[in-house]
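Heads up: the sequence shown begins at 38 in our numbering, then just goes up one per residue. Virtual Cβ for every residue (Gly too), placed ideally from N, Cα, C. The next block holds one structure in the form of structure tokens; read it before the comments.
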Amino acid sequence: MNKPYIDMERISIFLNAIKKIGIYGLIITGLVFSWQVTSAQEIPNAGFENWVDHGSYQDPAEWDTPNEELSFLNIAVVMKEESIVHSGNASAMLQTKDAEVEVIPGFATTGEFTMDPQSQEYSITGGIAFEKRPSSVQGYFQYVPENNDTCSVGGLLTKGSGNNKDTIGIASFFTTQTVNSWTRFKATFTYLSTEDPDTLNILAISSSATDPQPGSRLYIDDLELKYSTGINEPALAEHIHINPHSQPDRLDVEFDFHEKKRLTISIYDLRGKEITRLDLGYQHKGHQAVNLNGLSSQAYIIKINAGRQVLSKKIIL
38 MNKPYIDMER ISIFLNAIKK IGIYGLIITG LVFSWQVTSA QEIPNAGFEN WVDHGSYQDP
98 AEWDTPNEEL SFLNIAVVMK EESIVHSGNA SAMLQTKDAE VEVIPGFATT GEFTMDPQSQ
158 EYSITGGIAF EKRPSSVQGY FQYVPENNDT CSVGGLLTKG SGNNKDTIGI ASFFTTQTVN
218 SWTRFKATFT YLSTEDPDTL NILAISSSAT DPQPGSRLYI DDLELKYSTG INEPALAEHI
278 HINPHSQPDR LDVEFDFHEK KRLTISIYDL RGKEITRLDL GYQHKGHQAV NLNGLSSQAY
338 IIKINAGRQV LSKKIIL
């Protein structure tokens, strides 16, 4: 059986050309995404109270997992947990398991997880109809990693259909730490567009994208979307301009504020990992060169904080 993977070009339609970019901590390498939309405005079954019994396995209602595809091996990687719960009667336990020829992480999505029996390629179709701009995905988790493994929970906001689907925002939380009590996590959305989305997908995984470790367990419960009124990207975009630099391995960030603002500039990869950060202190007007030397040719996110305002844009090297 092939190992699930995520194709980042399809993800960013979870970015509009055929180039595979691994999303560390957000997703396993290689799932192909297409989309059909069902109606909702918040995370469905966010407390994992409702489960569907399929005989040899259970799936959380309104979520999908690899359990069906693994059922012929009598393996389930997402399970109903009734002893370790944050609230209510149940939570979801995602556990990485050795499926004979491959190690399969526990994986849950609000889309639909399927596998082609001939090619053994995995895919996710479906999603939640969604037109809001949340600031973050939050919830509670516990994590028991094996051999410094990594779990993650994240979200993807998109707009459009077919090959014209654009990424509006990405959120990702990941950790390698052992967490033996219910702890709140926060995956902050980085917005790549000022448009409103039409689709939301929430994903969680119990292991590293590149080296999943059998036995790693992720418990999740009580997920929710949070909103903030402190961000005004269109207004900030009027005062910040990102331009090419005279040197090809740099960007020029031009800013002109009405008053001094605390300014930071960060570059992230699409896994949500911070690559570089510049803390410029309080600034009013000027230019700042951002060094891109050493970065590989792929997509990144530049995030600029000016006081309480945030501007995020996708850049492709």
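Unbroken alpha helix (DSSP H) run spanning G106, endpoints: Note that residue 106 is Glu in the sequence shown here, rather than Gly. Counting along the chain, the alpha helix (DSSP H) containing E106 begins and ends at N104 to L107.
Between the C-alpha atoms of F10 and I165, what's the straight-line distance to the nearest angstrom? With the chain covering only 38 through 354, there is no way to say anything about residue 10.
Based on DSSP bridge pairs, tell me the residues matched to L255. L131 and Y180
Of the choices E118, Y94 and A336, whose alpha-carbon is the least far from that of L229? A336
Can you give me the Cβ contacts of N342 inside the same chain, cut-off strictly under 6 angstroms, excluding the 5 residues immediately before and after it? T301
Out of G252, H282 and K134, which one is the CA nearest neighbour of N111? K134
Please determine, among A127, W219 and N280, the residue with the shortest C-alpha to C-alpha distance to E291. N280
K223 versus V140: straight-line alpha-carbon distance, rounded: 28 angstroms
Go ahead and pull the three-state DSSP assignment for A274. helix
Could you tell me which residues DSSP puts in a beta bridge with T325? Here residue 325 is Gln; the residue named in the question, Thr, does not match the sequence. Note: Q325 sits in a beta bridge opposite V290.
So, is P234 buried or exposed, given that buried needs 16 or more other C-beta atoms within 10 angstroms? buried
Okay, do the stretch 121-131 and the stretch 189-205 touch, 3+ Cβ pairs below 8 angstroms being the bar? Flag = no, the stretch 121-131 and the stretch 189-205 do not touch.
By the DSSP assignment, the beta strand (DSSP E) with I207 in it spans what residues? D203 to T212
Is H278 closer than 8 angstroms to F294 when the C-beta atoms are compared? With a cutoff of 8 angstroms on beta-carbon distance, F294 and H278 are scored as not near each other.
Identify every residue that forms a DSSP beta bridge with N87. Beta-bridge pairing links N87 to no other residue.
N- and C-terminal bounds of the beta strand (DSSP E) containing P97: Q95 to P97
Would you decide whether I339 is buried or exposed? Buried here means 16 or more other CB atoms lie within 10 Å of its CB. buried
Identity of the residues DSSP links to Y337 by a beta bridge: I352
Give the DSSP-derived three-state secondary structure of L237 in the structure shown. strand
Using the C-alpha atoms, what's the distance from N328 back to A136? If I take the Cα positions, the gap works out to 44 angstroms.
My guess is that F226 and S172 are in contact by the Cβ rule of under 8 angstroms, so how many angstroms apart are they, rounded? 6 angstroms
Inspect the beta-carbon positions of N238 and G148 and report whether they are closer than 8 angstroms. yes
Quick one: grab the DSSP three-state call for I60. In this prediction, I60 has a pLDDT of 29, which is less than 50 and means its spatial position is unreliable; what the coordinates show is noted afterwards. DSSP places I60 in coil when its eight states are reduced to three.
Using CA coordinates, which residue listed in K298, R299 and L288 is at the minimum distance from L354? The shortest Cα separation from L354 among K298, R299 and L288 belongs to L288.
Beta-carbon within less than 8 angstroms of E86's beta-carbon, same chain only, minus the 5 sequence neighbours each way: which residues are those? Sequence-distant partners of E86 (beyond 5 residues in either direction) whose C-beta falls short of 8 angstroms from its own C-beta, in its chain, are G125, N126 and A127.
Can you grab the Cα-Cα spacing for the pair T215 / P285, in whole Å? 42 angstroms
Does the beta-carbon of I312 have 16 or more other beta-carbons within 10 angstroms, so that it is buried, or is it exposed? exposed
Is the shortest distance between the beta-carbon of Q132 and the beta-carbons of chain C less than 8 angstroms? The structure shown contains no chain C; it is built from a single protein chain.
Between the CA atoms of N104 and Y94 - distance to the nearest angstrom: 7 angstroms
Could you tell me if A246 is buried or exposed, where buried requires 16 or more neighbouring beta carbons within 10 angstroms of its beta carbon? buried
Once you ignore the five residues that flank D259 on each side, which residues in its own chain have a CB closer than 7 angstroms to its CB? A83, G84, H123, S124, G176 and Y177
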